[in-house]
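Residue 553, in the working numbering, is where the sequence shown stops; the numbers in between run on with no holes. Since the structure comes first, as structure tokens, the remarks are kept for the end.
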Amino acid sequence: EFARTRSARAVLIDGAELPDGDLSDVVTVPGWDHQRRAVAFTETARALLLAIPMGGGKTAATIAGLNRVQAATVLIVCPNQVRAVWPRETREKSAISWHCEDGTRPPHRAGGRRQDLSAGDRLERMQRVLWGCDCGAPVHAFCINYEALATPVWRKWQPPHPVDAIVYDEIHRLKSPTGAVSKVAAKWHGYARRHIGLSGTPLPQTPLDAFGVMRALDPGIFGTTWTGFKNRYAVMDPTGTFPITGRIQNGGELARKFMSITYRPEIDLKLPPVLDVARTAVLEPAARKVFDDIAAEFWADLTPFVDARRARGMTEEQARADVMAEIISTADGPPSEITAPNVMTRLLRQQQLTGGFLADDEGVVRIVSTAKRAAVAAWLADEVVLRRDSGDPVVLFCRFHPDLDVAKALAAEFGVRYGEISGRAKTGLDSDARMHPDVDLVGVQIQSGGTGIDLTRARYGGWYSLGYSVSDYDQARKRLDRPGQTRPVTFAHFVVEDTADQAVYDAIDNRRAVISEVLREGEVDPASLGVSEPAPPRPEVARGSGSVRLPWD
1 EFARTRSARA VLIDGAELPD GDLSDVVTVP GWDHQRRAVA FTETARALLL
51 AIPMGGGKTA ATIAGLNRVQ AATVLIVCPN QVRAVWPRET REKSAISWHC
101 EDGTRPPHRA GGRRQDLSAG DRLERMQRVL WGCDCGAPVH AFCINYEALA
151 TPVWRKWQPP HPVDAIVYDE IHRLKSPTGA VSKVAAKWHG YARRHIGLSG
201 TPLPQTPLDA FGVMRALDPG IFGTTWTGFK NRYAVMDPTG TFPITGRIQN
251 GGELARKFMS ITYRPEIDLK LPPVLDVART AVLEPAARKV FDDIAAEFWA
301 DLTPFVDARR ARGMTEEQAR ADVMAEIIST ADGPPSEITA PNVMTRLLRQ
351 QQLTGGFLAD DEGVVRIVST AKRAAVAAWL ADEVVLRRDS GDPVVLFCRF
401 HPDLDVAKAL AAEFGVRYGE ISGRAKTGLD SDARMHPDVD LVGVQIQSGG
451 TGIDLTRARY GGWYSLGYSV SDYDQARKRL DRPGQTRPVT FAHFVVEDTA
501 DQAVYDAIDN RRAVISEVLR EGEVDPASLG VSEPAPPRPE VARGSGSVRL
551 PWD
């Protein structure tokens, strides 16, 4: 596939003749120019990545392309919360009849939510839909969530016949080269005639994420072994255990190979403006003492790493900043000496404390601060004017369950209806993966509700807490800032001064910088992959906020 992509990509070049504009035979919606090019690319390429910006119509372009190539059996792998979206989208947007199922069964009672089948029952149902259904639909498709691929029955599965296409929606979920799901997807390369990846953030954390993504689509690009890829593109630590933070070799080659089967159009979605504001809080004296004690233990464990950097000429401040950058950049990667369990536990406790809670050794959660909660309450009262029915609905993004409990308590305090989108509840969504019309404040756990859902009913979003993932952050923003949004959007960032909160925003900023450098080396505009989005207006900073930096500063 890699050897023949030059001719396949010709249709994507700026200024190239636009493909036939009539897509009425394959989709029921008018096609944008970039969707027409995506359909033409699908016709000529057996492996491709549609990195169309979030909200740019990736799903419709994929449906049109699969209809155009007359795919009859399609397996769709997607985030769990998106499974219900594909049957609806194919029903509404395909000009050709699809029989598309998502591995659920009807609810036990009227008005209830559909229930998931077990992993084994889903596998059995998928095989009946793809190869044993005589309903007469030209296209049979089945949706499975990424996590299911790691279950024993799906790991062992081999199809009786190759499917016409496998679609990986939000393919950046395969970025981990050693992850169980990514390994299964690599094995599945031989199970399909065509492989399509979809993602608005295809390089979510580091340029090295390209390996897991491309291994599933076309292993001829970077090979099939993580060791070989690391040796070519990563700069390893002296022990050869893990890649050094922010260091890449042969970056230009990596970028060019990655882009060889990637289509990232520049699109003006004509969305309303977005305003980001920073709202800060100060820990109470007792909470500050607890935080400082945890921080002191945290740095005591890291003394050898700080001393080693000082021996190389760094100041104490520079050494600590470099150590923190390395910890954060590898926080979601394989364990290393610097990310020992006790170090990561203390870093996590610092983040939890800024939200106002702390768990003891027995797991009992206690409240240690109300500073951030008070800052959110003031914002809701003074700027949003949160009211039941008559006010604007609000989305509050959180990382931890106790943070979501704060969101629920705030809803009760303001007398409004609460909904939640998390691993423990989906009351904030309707059956079409849109914000429920009967809630006023929705608490969203970022990893559970940051992808594939529509929250454009709200124009106010708040960040109570977040993790280190660039893609989770960007994806969550696009739940409000996307087509369907008709009003200006405001995002409020709640940061506790002189705490780990600032390190999280710094980490997001630093990860963007590394990816941008590699893309530029490969003569690829970082903005073309959504890495450096246009900077929003500089945030208004609340009085007393100090030197708060957000990811675009």
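Note that the Cβ used here is the ideal one computed from N, Cα and C, for glycine as well. Since the structure is predicted, the reported quantities are computational estimates derived from the model, not experimental observations.
Suppose you measure from the CA of residue i to the CA of residue j; what does that come to, to the nearest Å?
i, j, result
"L550", "H108", "With a pLDDT of 43 at L550, under the threshold of 50, the modelled position of this residue cannot be trusted; read the value that follows with caution. Roughly 46 Å separates the two Cα atoms."
"V444", "A150", "25 Å"
"P539", "A492", "With a pLDDT of only 39 at P539, under 50, the local geometry of the prediction cannot be trusted, and the value read off the model is given with reservation. Roughly 9 Å between the two C-alpha positions."
"T206", "N510", "10 Å"
"A319", "A513", "20 Å"
"T315", "V442", "45 Å"
"V470", "D292", "27 Å"
"G251", "V235", "11 Å"
"R309", "A503", "19 Å"
"P536", "D276", "Low local confidence applies: a pLDDT of 35 at P536 is under 50, so the model's placement there is unreliable, with the coordinate-based value given in what follows. Looking at the two C-alpha atoms, the distance is approximately 7 Å."
"K257", "I221", "7 Å"
"D33", "G21", "8 Å"
"S547", "A507", "Reliability of the predicted coordinates at S547 is poor, the pLDDT of 40 falling under 50, and the value obtained from them is presented with this limitation in mind. Computed Cα separation, rounded: 16 Å."
"K289", "D307", "25 Å"
"M54", "L269", "10 Å"
"G57", "A278", "31 Å"
"V384", "V85", "30 Å"
"T73", "G103", "16 Å"
"T280", "S369", "14 Å"
"W299", "V139", "58 Å"
"A45", "F400", "42 Å"
"G132", "Y464", "48 Å"
"K230", "S176", "13 Å"
"A95", "V27", "4 Å"
"D218", "T201", "19 Å"
"P204", "G65", "25 Å"
Is residue i helix, strand or coil when you go by DSSP?
i, result
"A542", "Since pLDDT at A542 reaches only 38, below the 50 mark, its modelled position is unreliable, and the value read off the structure follows with that caveat. In this structure, A542 counts as coil in the three-state DSSP scheme."
"L386", "coil"
"A513", "helix"
"I327", "helix"
"D556", "Any question about residue 556 goes unanswered here, given that the chain covers just 1 to 553."
"D293", "helix"
"P534", "The predicted position of P534 is uncertain, since its pLDDT is 35 and thus under 50; a value taken from the coordinates is nonetheless stated next. Coil, per DSSP."
"T90", "helix"
"R424", "coil"
"V376", "helix"
"G313", "coil"
"D276", "strand"
"V444", "strand"
"G419", "strand"
"L269", "coil"
"A286", "helix"
Less than 6 Å between the CB of residue i and some heavy atom of the ligand NAP, yes or no?
i, result
"L480", "In the structure shown, the ligand NAP is absent, as is every other ligand, since no ligand is present at all."
Short of 7 Å in beta carbon distance, which residues of its chain neighbour residue i, apart from the five on each side in sequence? Order them along the chain.
i, result
"P106", "R114"
Closer than 6 Å by C-beta to residue i: which residues in its own chain qualify, once you throw out the five before and the five after it? Chain order, please.
i, result
"E101", "V129 and F142"
"A71", "D164 and A165"
"F357", "V365, I367 and P402"
"Q351", "A500"
"K408", "Y418"
"A359", "V365"
"R543", "Because R543 carries a pLDDT of 32, less than 50, the predicted location of this residue cannot be relied on, and the following value inherits that uncertainty. Taken in chain order, the list of residues that qualify is empty."
"G31", "L23"
By alpha-carbon positions, which one of the options ends up nearest to residue i?
i, options, result
"W82", "R399, I171, T225 and A503", "Checking the displayed sequence, the identity of residue 82 turns out to be Val instead of Trp. For V82, the nearest C-alpha among the options comes from I171."
"L480", "T44, G467 and M435", "M435"
"W379", "A216, I453 and G462", "G462"
"R36", "R417, L269, L75 and P265", "P265"
"D121", "I144, V496 and C78", "I144"
"A40", "P19, L50 and G55", "P19"
"V343", "A359, T303 and V29", "T303"
"A375", "A60, Q127 and V406", "V406"
"C135", "G419, S97 and K289", "S97"
"F494", "A148, A371 and F305", "A371"
"D25", "T59, A47, V69 and L48", "V69"
"C398", "R388, R387 and R373", "R373"
"R387", "V416, P160, P204 and A137", "V416"
"A381", "R155, P488, D498 and E413", "E413"
"L283", "V496, A51, V153 and L48", "V496"
To which residues of the same chain is residue i closer than 8 Å at the C-beta, ignoring the five residues directly before and after it?
i, result
"R457", "P393, R434, M435 and P437"
"S448", "Q81, I421, S422 and G423"
"E517", "I248 and G251"
Item checked: Whole runs of the alpha helix (DSSP H) within the region 172-243, excluding any shorter than 4 residues -> DSSP runs (the alpha helix (DSSP H)) wholly in the region 172-243: 180-187, 210-217 and 226-233.
Next item on the list: Within the region 453-496, note down every full alpha helix (DSSP H) run reaching 4 residues or more, in order along the chain.
Entry: Counting only runs of 4 or more, we get 470-477.
Next item on the list: Kindly provide the ranges of any beta strand (DSSP E) runs that are 3 or more residues long and lie completely inside the region 22-65, ordered along the chain.
Entry: Whole beta strand (DSSP E) segments, 3+ residues: 47-50.
Note to self: For a minimum of 3 consecutive residues, which ranges assigned as the beta strand (DSSP E) are wholly contained in the region 92-148?
What the structure shows: At a cut-off of 3 residues, the continuous stretches assigned as beta strand (DSSP E) that sit fully inside the region 92-148 are 98-101 and 139-145.
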